[in-house]
Amino acid sequence: MSTRYPFTAVVGMDDLRLALLLNAVSPAVGGVLVRGEKGTAKSTAVRALADLLPEVPVVAGCRFSCDPASPDPGCPDGPHEAASAAARPARMVELPVGASEDRLVGALDIEKALADGVKAFEPGLLADAHRGILYVDEVNLLHDHLIDLLLDAAAMGSSYVEREGVSVRHAARFLLVGTMNPEEGELRPQLLDRFGLTVEVAASREPEQRVEVVRRRLAYDDDPAAFAARWAGEESALRDRIVAARALLPNVTLGDPALLQIAATCAAFEVDGMRADIVMARTATALAAWAGRTDVTSDDVRQAALLALPHRRRRNPFDAPGLDEDRLDETLEQFKGEDEPDDDPDPGPGDGGPGGGGGGGVPPQGDGPDGSAESAEADESPAPSPAPGAGGAGERAAVKAAEPFRTKMLSVPGLGEGAAGRRSRARTEHGRTTGAVRPRGSLTKLHLTATVRAAAPHQKARGRSGPGLVVRRDDLRQATREGREGNLVLFAVDASGSMAARQRMSAVKGAVLSLLLDAYQRRDKVGLVTFRGRDAEVALPPTSSVDAAAARLEQLPTGGRTPLSAGLLKAHDVLRVERLRDPSRRPLLVVVTDGRATGGGADPVALAARAARLHAADGTAAVVVDCETGPVRLGLAGDLARELGGTAVTLDELRADSIAGLVRDVQAAGQSTRRAA
28 MSTRYPFTAV VGMDDLRLAL LLNAVSPAVG GVLVRGEKGT AKSTAVRALA DLLPEVPVVA
88 GCRFSCDPAS PDPGCPDGPH EAASAAARPA RMVELPVGAS EDRLVGALDI EKALADGVKA
148 FEPGLLADAH RGILYVDEVN LLHDHLIDLL LDAAAMGSSY VEREGVSVRH AARFLLVGTM
208 NPEEGELRPQ LLDRFGLTVE VAASREPEQR VEVVRRRLAY DDDPAAFAAR WAGEESALRD
268 RIVAARALLP NVTLGDPALL QIAATCAAFE VDGMRADIVM ARTATALAAW AGRTDVTSDD
328 VRQAALLALP HRRRRNPFDA PGLDEDRLDE TLEQFKGEDE PDDDPDPGPG DGGPGGGGGG
388 GVPPQGDGPD GSAESAEADE SPAPSPAPGA GGAGERAAVK AAEPFRTKML SVPGLGEGAA
448 GRRSRARTEH GRTTGAVRPR GSLTKLHLTA TVRAAAPHQK ARGRSGPGLV VRRDDLRQAT
508 REGREGNLVL FAVDASGSMA ARQRMSAVKG AVLSLLLDAY QRRDKVGLVT FRGRDAEVAL
568 PPTSSVDAAA ARLEQLPTGG RTPLSAGLLK AHDVLRVERL RDPSRRPLLV VVTDGRATGG
628 GADPVALAAR AARLHAADGT AAVVVDCETG PVRLGLAGDL ARELGGTAVT LDELRADSIA
688 GLVRDVQAAG QSTRRAA
């Protein structure tokens with residue numbers, strides 16, 4: 028095995044190192060979600076943790092890593108009576124983004140199960156990770172059903188595989204660590220809640236610290252073994268400290284004053300459910316054990332809140348992450364126990380209290396293995412730059428978006444085969460069964476009825492005369508299923524002067540924000556094209572990060588003429604490139620405009636119609652959100668929708684509870700009934 032980068036050689040990132048170490052001390056904390064920009068050594072720190080964990084005693088020959096002291100009575104390789112013991116290093120198992128369900132939970136040999144009645148089970152990654160670390164890089168890019176399976180196993184400590192009446196259960200207790208780049212999309216709030224702790228990491232803005240990062244990385248790349256040997260003493264000391272904290276953990280007392288502070292903090296920040304309270308209690312207890320204490324203090328509760336609550340406060344993808352520390356301190360002070368001193372002495376480097384020793388007891392890192400202090404907090408990220416194109420003649424300041432609302436269902440017609448999601452009909456791995464086909468590669472979803480029908484005509488030739496059925500591999504049939512897919516929703520937003528009239532832009536931004544929230548809930552990718560003045564621009568290339576799209580929308584200024592053709596052509600270019608990158612993800616073009624075309628050439632209306640027909644020729648599903656208001660309406664957005672081969676909806680009809688939309692649906696249903704009669 029290649030030499031890993033030492034954990035103690037990681038520069039800075041105190042919160043990340045502390046969160047990982049607390050989970051190493053107490054896996055019951057529930058794992059860590061590491062959020063941060065690319066290139067911040069998230070994966071390096073996680074992989075380095077595995078070398079710090081103590082060796083694991085296992086039953087010799089058991090594929091499920093049973094503990095010899097208390098073997099799992101339901102282990103598929105059991106029973107383990109008087110089994111010999113062995114020891115092995117703690118494993119770190121990596122779950123790739125493209126892993127299948129069978130690779131994660133394990134697979135049954137269905138052919139043997141049907142033909143011979145043999146329960147042949149091949150363990151998956153959950154079994155490999157038992158009593159170790161399961162690391163999921165880019166966890167936000169995993170399919171939802173895999174994340175559900177993963178988090179259910181982490182919560183229950185067991186994995187269940189059930190297929191066609193054959194059931195297997197095995198223990199699966201592991202330290203779950205996920206990393207993600209928020210720019211590539213967020214996790215659902217209910218999935219965020221399943222991670223015990225979360226940490227935000229960013230590259231340091233301190234030149235000296237960045238220099239030290241580069242110096243150490245170059246030294247490691249030149250000679251990994253020599254670099255690891257240089258830090259061996261610090262690694263050994265930290266490993267011993269983990270063992271000592273684990274031994275002390277059962278003796279730590281979580282008193283009523285600390286419990287009251289935990290409950291009051293979760294209530295003050297309006298955290299849903301009770302999982303946050305439980306995670307904070309376990310984290311505070313682990314912090315006390317890590318510091319070598321048997322009592323939980325207010326500082327432990329404060330540090331636990333900073334690690335356990337920020338990701339649980341996000342109700343939608345547009346909420347800013349983080350915690351108001353002033354409010355936290357006020358709550359803790361209000362519910363502080365009478366017997367607790369007001370002023371906590373400043374802990375020394377060896378005390379390991381929160382805020383001391385390089386971040387909650389993590390040994391401070393310096394220019395060398397002696398641990399001389401050099402850690403510095405990373406500066407905050409620079410403020411976002413002004414919107415592209417700002418400062419032009421006739422430009423109006425960006426207006427605030429109206430409150431988002433629940434939108435009507437917009438979908439792509441036909442049957443796709445794209446990424447799993449919740450928008451358009453598609454062939455998927457999960458959903459209702461619609462038919463059966465011969466399997467391509469390994470069989471994952473057996474269609475039992477079709478398999479029996481395929482095998483039945485051959486029973487006589489196979490020598491079967493009595494009851495029972497001889498099933499061969501050629502008889503097996505794979506179930507085809509229909510569910511929902513995620514799409515690429517590309518917004519083309521008119522930001523011209525006509526849209527800014529009569530304060531219309533606030534309502535328009537509110538509508539787009541509502542559609543973005545809908546896209547987040549339906550697992551779509553989104554992109555944003557804007558057009559005004561003389562040209563169009565890609566404000567946001569297609570991404571899974573809807574909050575990035577919302578931020579760009581908020582900064583969008585208005586003014587100038589309406590180059591509708593330029594906006595449609597720019598959208599056509601974006602979709603053309605995306606079809607090459609991801610041909611299975613079908614696009615939905617949403618044009619937000621009043622339909623006026625006043626710029627872009629000598630005959631802007633004809634140019635816009637010609638550009639619209641390009642989308643129609645490609646078969647792109649399109650919806651025009653008609654933003655025209657006032658007593659006199661020209662109906663230009665409807666004309667544009669016809670050229671696009673799509674449909675038009677007004678801002679009012681876009682609402683899911685729209686009366687106008689309800690009347691239109693009832694009228695359409697009545698017309699269909701009359702035609703059928």
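Okay, so the sequence shown: first residue is 28 according to the working numbering, each after it adds one. We put the CB at the ideal spot given by N, CA and C, even for glycine.
(request) Would you check if there are 3 or more beta carbon pairs closer than 8 Å linking the segment 178-190 to the segment 72-91? (result) Short answer: they don't touch.
(request) May I ask you to verify whether the segment 157-177 touches the segment 114-124, counting CB pairs closer than 8 Å and requiring at least 3? (result) With a cut-off of 8 Å, the segment 114-124 and the segment 157-177 count as touching, because enough Cβ pairs lie within range.
(request) Determine the DSSP secondary structure at Tyr162, reduced to helix, strand or coil. (result) Looking at Tyr162 - three-state DSSP - the assignment turns out to be strand.
(request) Let me know the secondary structure DSSP gives Asp600 once reduced to three states. (result) Asp600 falls in the helix class under three-state DSSP.
(request) Rounded to whole angstroms, what's the CA-CA distance from Ala113 to Ala481? Just pull it up for me. (result) Straight-line measurement puts the Cα of Ala481 at about 48 Å from the Cα of Ala113.
(message) For Ser29 and Ala75, I'd like the C-alpha separation in whole angstroms.
(response) In this structure, the alpha-carbon of Ser29 lies about 12 Å from that of Ala75.
(message) By the three-class DSSP mapping on this structure, what secondary structure does Ala316 have?
(response) Of the three classes helix, strand and coil, the one that applies to Ala316 here is helix, per DSSP.
(message) Quick check on the burial criterion: 16 or more other C-beta atoms within 10 angstroms. Buried or exposed for Thr321?
(response) Exposure of Thr321 is indicated by the presence of fewer than 16 other C-beta atoms within 10 angstroms of its C-beta.
(message) Need the endpoints of the alpha helix (DSSP H) that Ser451 sits in, please.
(response) In the DSSP assignment, Ser451 falls outside any alpha helix (DSSP H) and within the unbroken beta strand (DSSP E) covering 447-455.
(message) Helix, strand or coil, according to DSSP, for Leu214 in the structure here?
(response) For Leu214, the secondary structure class from DSSP, reduced to helix, strand or coil, is coil.
(message) Taking DSSP's pairing of strands, which residues face Gly133 in a bridge?
(response) DSSP lists Pro150 as the beta-bridge partner residues of Gly133.
(request) Can you grab the Cα-Cα spacing for the pair Leu442 / Arg302, in whole Å? (result) In this structure, the straight-line span from the alpha carbon of Leu442 to that of Arg302 is close to 39 Å.
(request) Keeping to the same chain, check which residues put their C-beta closer than 7 Å to that of Arg309; ignore five residues upstream and five downstream. (result) The residues are Ser53, Ala55, Val56.
(request) Please state whether DSSP places Val38 in a helix, a strand or coil. (result) Val38: coil per DSSP, three-state reduction.
(message) For the alpha helix (DSSP H) containing Ala255, name the first residue and the last one.
(response) For Ala255, the enclosing alpha helix (DSSP H) covers residues 251-257.
(message) On the criterion of 16 or more Cβ atoms from any shown chain inside 10 Å, does Arg450 qualify as buried, or is it exposed?
(response) Classification of Arg450: buried, given that the 10 Å Cβ count is 16 or more.
(message) Short of 7 Å in beta carbon distance, which residues of its chain neighbour Ala36, apart from the five on each side in sequence? Order them along the chain.
(response) So the qualifying residues of the chain are Arg243, Trp258.
(request) Output yes or no for whether 8 Å exceeds the beta carbon distance between Lys472 and Ala447. (result) Contact: no.
(request) Specify whether the segment 614-629 and the segment 654-661 touch according to this definition: at least 3 beta carbon pairs, one from each stretch, less than 8 Å apart. (result) Contact holds: three or more Cβ-Cβ distances are below 8 Å.
(request) Decide if Gly646 is buried, meaning its Cβ has at least 16 other Cβ atoms within 10 Å, or exposed. (result) Exposed.
(message) Using a Cβ-Cβ cutoff of less than 8 Å, which residues in the same chain neighbour Ser469 once the five nearest sequence positions on both sides are dropped?
(response) Result list for Ser469: Asp129, Ala134, in chain order.
(message) I believe Val553 touches Thr570 by the beta-carbon criterion, under 8 Å. Please report the beta-carbon distance rounded to the nearest angstrom.
(response) Rounded to whole angstroms, the Cβ separation of Val553 and Thr570 is 7 Å, and the two are in contact under 8 Å.
(message) Could you check whether Ala519 and Leu616 sit closer than 8 Å to each other, using their CB atoms as the reference points?
(response) Going by C-beta atoms, Leu616 is nearer than 8 Å to Ala519.
(message) Does the contact criterion of 3 or more C-beta pairs under 8 Å hold for the segment 598-609 versus the segment 244-252?
(response) The segment 244-252 and the segment 598-609 do not touch, with fewer than three beta-carbon pairs separated by less than 8 Å.
(message) Let me confirm a value: Ala593 is counted as buried when at least 16 other C-beta atoms fall within 10 Å, else exposed. Which label applies?
(response) Buried: at least 16 other Cβ atoms inside 10 Å.
(message) Between Leu168, His107, Pro103, Asn167, which has its C-alpha nearest Gly151's C-alpha?
(response) Per the C-alpha coordinates, the member of Leu168, His107, Pro103, Asn167 positioned closest to Gly151 is Pro103.
(request) Could I get the ranges of all uninterrupted beta strand (DSSP E) runs contained in the segment 80-114, with 3 residues as the minimum, in chain order? (result) Assignment of beta strand (DSSP E) within the segment 80-114, counting only whole runs of 3 or more residues, yields 83-86 in chain order.
(request) Tell me where the beta strand (DSSP E) around Pro631 begins and ends. (result) Pro631 -> not in any beta strand (DSSP E); alpha helix (DSSP H) instead, spanning 631-645.
(message) When you compare the CB positions of Ser111 and Ala96, do they come within less than 8 Å of one another, or not?
(response) Between Ser111 and Ala96, the C-beta gap is not smaller than 8 Å, which leaves the two residues out of contact.
(message) So Ala683 and Arg433 are supposed to be a Cβ contact under 8 Å. How far apart are they, rounded?
(response) With 8 Å as the limit, Ala683 and Arg433 qualify as a contact, their Cβ atoms being about 4 Å apart.
(message) I need the DSSP call for Pro584, collapsed to helix, strand or coil.
(response) Shown here, Pro584 sits in coil according to DSSP, grouped into three states, outside any helix or strand.
(request) Tell me whether the beta-carbon of Gly63 lies closer than 8 Å to the beta-carbon of Asn50. (result) No; because the gap between Cβ atoms is not below 8 Å, this pair is not in contact.
(message) Going by DSSP in three states, Glu564 sits in which element: helix, strand or coil?
(response) When DSSP states are grouped into helix, strand and coil, Glu564 belongs to the strand group.
(message) Can you check which of these residues, Glu430, Ser525, Asp175, is closest to Lys536 by C-alpha distance?
(response) Measuring from the Cα of Lys536, the nearest candidate turns out to be Glu430.
(request) Starting from Leu224, follow the beta strand (DSSP E) in both directions and report where the run begins and ends. (result) Counting along the chain, the beta strand (DSSP E) containing Leu224 begins and ends at 224-228.
(message) Tell me the rounded alpha-carbon separation between Glu360 and Leu607.
(response) The straight-line gap separating the alpha-carbon atoms of Glu360 and Leu607 is approximately 58 Å.
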